[in-house]
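Enquirer: First to last, the sequence lines map onto chains A and B.
For the first sequence, the numbering used here begins at 4 and goes up steadily by one.
For the second sequence, the numbering used here begins at 2 and goes up steadily by one.
Quick reminder that beta carbons are idealized off the backbone N, C-alpha and C, glycines included.
Please read these numbers as outputs of a predicted model, since none were measured by experiment.
Structure below; questions to follow.
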Amino acid sequence: MSRGANVPLTREIPGLRQIVVGVSWNGNAEPVLQDNLVMAAVLCDQTNKALSAEHFVFFNQLTSPDLSVSRLEKALADEQEQVEIDLPDVPPEVNRVAFVLFVNEGTAARRTLGQLRQLTVGVRDGSDNRELVRSENLAPALSTETALVLGEVYRHRSDWKFKVVGEGYASGITGVASDYGLPL
Amino acid sequence: MSNDLDLSASATPAPRRGSGDLDLSAPAAPAAPAPSSGLDLSAPAPSADLDLSTSTPAQPAPSAGAGFLDLFPDPPAAAPPTPAPGAATPAAARRPGRSTREKPTSWRPVPRVAARGRVILTPRDPTVTLNRLQSGIGALTVEAICSPAVGDVSLGALFELADGSSSVVERQRGLVTGPPGSVSPVLTADREEFEQLIVDLRQTQRLRRLLVYAVSESGRELNWGGTLLTRTFGGARVELPLDLGVHRGPVALLSLYAVDGEFVLRAETERITGAVRDVARAYGYDRITWADDRTPVV
């Protein structure tokens, strides 16, 4: 899937309840960069703002308050990080779940996503781990960005769809937090 | 000694209005979820009524309940009568024989700091809790903003990691990384315009607690003033005025406890007699060994 492309999920696979969204990058990237890459899921309302600081799921906040979105402790199938969504359990006020990858700039100053050669986001059926869709390589378009909206799972009428976004932030997670109204 | 573990150490056994039995404003209390943390409450009553292991929600995942952990009940004078449901009950239930005492009647939410917000820690409001984003994204910086008039301030921190190990960072003693010699340190002691400590929040889950202290590099008296400024990655500020008067010896400034993924910051501003080793003793960092009273064995 290329940037901007979207695909219906539950309309194509009517029994689909649980999906796993995962990110994969080239494993031979610099260790300092790899150790500081963080995937997060943001549960957003109609206006595309996070419902609260607790609706940001990442390694230090493993689930959303409603437990519908969880970070998987161990990512499988050659992906470095994965987030699982139980679609029927997502509260009605959540309109979309955005997936973000960022460089934690605590000690990894001057590292950027542009240093990655390979970066894709994919969606799997949580019941059998079968890959449903995968994005194109998002890395070549990146340079000084330190955060990236990988894609989003969103409601469309009574169905769920997935879209590849690939939108980078030179301002990093600070810029992402500001756009989604997250207190940082 | 009274068995109900009144950490505020009131000498009178008479019932005290409002503040209740459970006074968590004592320094060590937020370390409760870490039973092996060298928690020294100086209370020889392991069977005390206050069950520290359950004073915070036990689940590792996020929980709304944590928002009601009242770390500093209102002083007796101000006692709004609305207890938060679920907050008072468990503590009270564990004290069946306490009917002569009033139940805690005042609870207020844990103070937080907003995005780009500012909180000043005071004796009445000594704590603030950072949310899991503020405790897990980017870095946390603690900076001692002191003019030269204070003296030769050296900033350091005692810390304890999740694996139980403890040590010290203090730049002017050559202890710049925690753990010592680490290539990806959880804690770094540094200096820009002022002395500062940096916590790498990608590794937030390795940190159990720390205590920020300051001491004169040359062992002189310091004439305290200035502010200890803690900054989140998003620019929120927690400020602690350093009005400690004139003191020879170290001062314990700020403690940080990782509680269920959130950092609880607490003003200590305590003058300690002796050296850094005495700060470690006072705050229960007993897994550090010392070459002399200010040099840890690393």
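Pick out the complete beta strand (DSSP E) segments inside the stretch 261-297 of chain B, 3 residues or longer, and give them in chain order.
Expert: For the stretch 261-297 of chain B, whole beta strand (DSSP E) runs of length 3 or above, ordered along the chain, are 263-272 and 291-293.
Enquirer: Out of curiosity, what's the CA-to-CA distance linking H248 of chain B and V216 of chain B?
Expert: To locate residue 248 of chain B, count along the second sequence from 1; it is residue 247. To locate residue 216 of chain B, count along the second sequence from 1; it is residue 215. Approximately 9 Å, taken between the alpha carbons.
Enquirer: Alpha carbon to alpha carbon, how far is R133 of chain A from L40 of chain B? Give it in angstroms, no decimals.
Expert: The residue you call residue 40 of chain B lines up with position 39 of the second sequence. The residue you call residue 133 of chain A lines up with position 130 of the first sequence. Any reading at L40 of chain B must be qualified, since the residue scores a pLDDT of 45, below 50, and its modelled position is unreliable; no value is offered.
Enquirer: Which word fits R74 of chain A, buried or exposed, when buried means at least 16 other C-beta atoms lie within 10 angstroms of its C-beta?
Expert: Taking the first residue of the first sequence as 1, we reach residue 74 of chain A at position 71. Buried is the call here.
Enquirer: To test your reading of the DSSP string, which unbroken beta strand (DSSP E) runs of 3 or more residues are found completely within the stretch 51-114 of chain A?
Expert: As far as the stretch 51-114 of chain A is concerned, its whole beta strand (DSSP E) runs of at least 3 residues are 72-74, 84-89 and 99-106.
Enquirer: For P180 of chain B and R174 of chain B, I'd like the C-alpha separation in whole angstroms.
Expert: The residue labelled residue 180 of chain B in the question sits at position 179 within the second sequence. The residue labelled residue 174 of chain B in the question sits at position 173 within the second sequence. Whole-angstrom Cα-Cα distance: 15 Å.
Enquirer: Looking at T123 of chain B: is its Cβ nearer than 8 Å to the Cβ of N63 of chain A?
Expert: The residue given as residue 123 of chain B occupies position 122 in the second sequence. The residue given as residue 63 of chain A occupies position 60 in the first sequence. Cβ distance not < 8 Å, so T123 of chain B and N63 of chain A don't count as in contact.
Enquirer: Does the CB of F234 of chain B have a neighbour CB from chain A at under 8 Å?
Expert: In the second sequence, residue 234 of chain B corresponds to position 233, counting from 1. Yes, its Cβ sits closer than 8 Å to a Cβ of chain A.
Enquirer: Does the stretch 107-114 of chain A come close enough to the stretch 136-146 of chain A that 3 or more CB-CB pairs lie under 8 Å?
Expert: In short, these stretches do not touch, since the Cβ pair count stays below three.
Enquirer: G178 of chain A lies in the alpha helix (DSSP H); which residues open and close that run?
Expert: If you number the first sequence from 1, residue 178 of chain A lands on position 175. Segment G175 to D182, the alpha helix (DSSP H) holding G178 of chain A.
Enquirer: Near S148 of chain B, which residues of its chain fall below 8 Å by C-beta distance, leaving aside the five closest residues on each side in sequence?
Expert: Numbered from 1 along the second sequence, position 147 holds the residue referred to as residue 148 of chain B. Excluding residues within five positions, the ones whose Cβ falls inside 8 Å are G226 and G227.
Enquirer: By the three-class DSSP mapping on this structure, what secondary structure does R160 of chain A have?
Expert: The residue you call residue 160 of chain A lines up with position 157 of the first sequence. Coil, per DSSP.
Enquirer: Count the other C-beta atoms from every protein chain shown that fall within 10 angstroms of the C-beta of T147 of chain A, then say buried if there are 16 or more, exposed otherwise.
Expert: In the first sequence, counting from the first residue as 1, residue 147 of chain A sits at position 144. Per the 10 Å Cβ criterion, exposed.
Enquirer: Establish whether the CB of A1 of chain B and some CB of chain A are separated by less than 8 Å.
Expert: A query on residue 1 of chain B cannot be resolved here, the shown segment of chain B reaching from 2 to 299 and no further.
Enquirer: If we define contact as Cβ-Cβ less than 8 Å, is S148 of chain B a contact residue for chain A?
Expert: Along the second sequence, read from residue 1 onward, the residue named residue 148 of chain B stands at position 147. It does not: the Cβ of S148 of chain B has no partner Cβ on chain A nearer than 8 Å.
Enquirer: Where DSSP assigns a beta bridge to N224 of chain B, which residues make up the other side?
Expert: Looking up residue 224 of chain B in the second sequence gives position 223. B:V247.
Enquirer: Would you report the Cα separation of R267 of chain B and P127 of chain B, rounded to the nearest angstrom?
Expert: As a working note, residue 267 of chain B is residue 266 in the second sequence. As a working note, residue 127 of chain B is residue 126 in the second sequence. Distance between the alpha carbons of R267 of chain B and P127 of chain B: 5 Å.
Enquirer: Does A35 of chain B come within less than 8 Å of chain A when only Cβ atoms are used?
Expert: As a first step, residue 35 of chain B is located in the second sequence; it is residue number 34 there, counting from the start. The predicted position of A35 of chain B is uncertain, since its pLDDT is 40 and thus under 50; a value taken from the coordinates is nonetheless stated next. It does not: the Cβ of A35 of chain B has no partner Cβ on chain A nearer than 8 Å.
Enquirer: What is the DSSP secondary structure of Q49 of chain A, reduced to helix, strand or coil?
Expert: For the purposes of this step, residue 49 of chain A is taken as residue 46 along the first sequence, with counting starting at 1. It is coil, neither helix nor strand.
Enquirer: Spatial neighbours of E240 of chain B within its chain, please: C-beta separation below 8 Å, excluding the five flanking residues on both sides.
Expert: Walking along the second sequence from the start, residue 240 of chain B turns up at place 239. Around E240 of chain B: R119, V120, I121, L122, T228, L229, L230 and T231.
Enquirer: Pair every Cβ in the stretch 162-170 of chain B with every Cβ in the stretch 134-153 of chain B, then say whether three or more of these pairs are closer than 8 Å.
Expert: Counting Cβ pairs under 8 Å, fewer than three are found: no touch.
Enquirer: Quick check on Q135 of chain B - is its C-beta less than 8 Å from some C-beta in chain A?
Expert: As a position in the second sequence, residue 135 of chain B is number 134, starting the count at 1. Answer yes: the Cβ-Cβ gap between Q135 of chain B and chain A drops below 8 Å somewhere.
Enquirer: Quick check on P143 of chain A: does DSSP put it in helix, strand or coil?
Expert: Residue 143 of chain A sits at position 140 when you count from the first residue of the first sequence. P143 of chain A: helix per DSSP, three-state reduction.
Enquirer: Might you give, ordered along the chain, the residues of its own chain that have their beta carbon closer than 6 Å to the beta carbon of A79 of chain B, omitting 5 neighbours on each side?
Expert: Stepping through the second sequence from its first residue, residue 79 of chain B is reached at position 78. Since pLDDT at A79 of chain B reaches only 39, below the 50 mark, its modelled position is unreliable, and no value is offered.
Enquirer: Is S185 of chain B close to chain A? Criterion is C-beta to C-beta, closer than 8 Å.
Expert: The residue given as residue 185 of chain B occupies position 184 in the second sequence. At least one chain A Cβ lies under 8 Å of S185 of chain B.
Enquirer: Give, in chain order, every residue of the stretch 205-224 of chain B whose Cβ lies closer than 9 Å to some Cβ of chain A.
Expert: Answer set for the stretch 205-224 of chain B: T205 and Q206.
Enquirer: Check the Cβ of D201 of chain B against every Cβ in chain A and list those closer than 7 Å, keeping chain order.
Expert: Locating residue 201 of chain B in the second sequence gives position 200, where the first residue counts as 1. Going along chain A in sequence order, the residues near D201 of chain B (Cβ under 7 Å) are G109 and T110.
Enquirer: Return no unless some Cβ of chain B is closer than 8 Å to the Cβ of N51 of chain A.
Expert: Here residue 51 of chain A corresponds to residue number 48 of the first sequence, with the count starting at 1. It does not; no Cβ of chain B falls within 8 Å.
Enquirer: For R133 of chain A, does the three-state DSSP call read helix, strand or coil?
Expert: Locating residue 133 of chain A in the first sequence gives position 130, where the first residue counts as 1. Residue state, collapsed to three classes: coil.
Enquirer: What distance in whole Å lies between the Cβ atoms of I88 of chain A and I22 of chain A, which are believed to be in contact at a cut-off of 8 Å?
Expert: Taking the first sequence and counting its residues from 1, the one referred to as residue 22 of chain A is at position 19. Taking the first sequence and counting its residues from 1, the one referred to as residue 88 of chain A is at position 85. Yes, I22 of chain A and I88 of chain A are in contact; Cβ-Cβ is about 5 Å, under 8 Å.
Enquirer: Looking at the structure shown, is L134 of chain B part of a helix, part of a strand, or coil, going by DSSP?
Expert: The residue given as residue 134 of chain B occupies position 133 in the second sequence. Of the three classes helix, strand and coil, the one that applies to L134 of chain B here is coil, per DSSP.
Enquirer: Hey, how far is the Cα of L243 of chain B from the Cα of Y172 of chain A?
Expert: One-based indexing of the second sequence puts residue 243 of chain B at position 242. One-based indexing of the first sequence puts residue 172 of chain A at position 169. Whole-angstrom Cα-Cα distance: 38 Å.
Enquirer: Could you confirm whether any beta carbon from chain A is found closer than 8 Å to the beta carbon of A116 of chain B?
Expert: In the second sequence, counting from the first residue as 1, residue 116 of chain B sits at position 115. By this cut-off, A116 of chain B is an interface position.
Enquirer: Take G18 of chain A as the anchor and find which of A:A180, A:Y157, A:G184 and A:W163 has the nearest alpha-carbon.
Expert: Along the first sequence, read from residue 1 onward, the residue named residue 18 of chain A stands at position 15. The option with the nearest alpha carbon to G18 of chain A is A:W163.
Enquirer: Check whether the Cβ of G179 of chain B lies closer than 8 Å to any Cβ atom in chain A.
Expert: Taking the second sequence and counting its residues from 1, the one referred to as residue 179 of chain B is at position 178. With 8 Å as the cut-off, G179 of chain B does not count as an interface residue toward chain A.
Enquirer: In the structure shown, what three-state DSSP assignment does Q173 of chain B receive?
Expert: The count along the second sequence starts at 1 and reaches residue 173 of chain B at position 172. In this structure, Q173 of chain B counts as helix in the three-state DSSP scheme.
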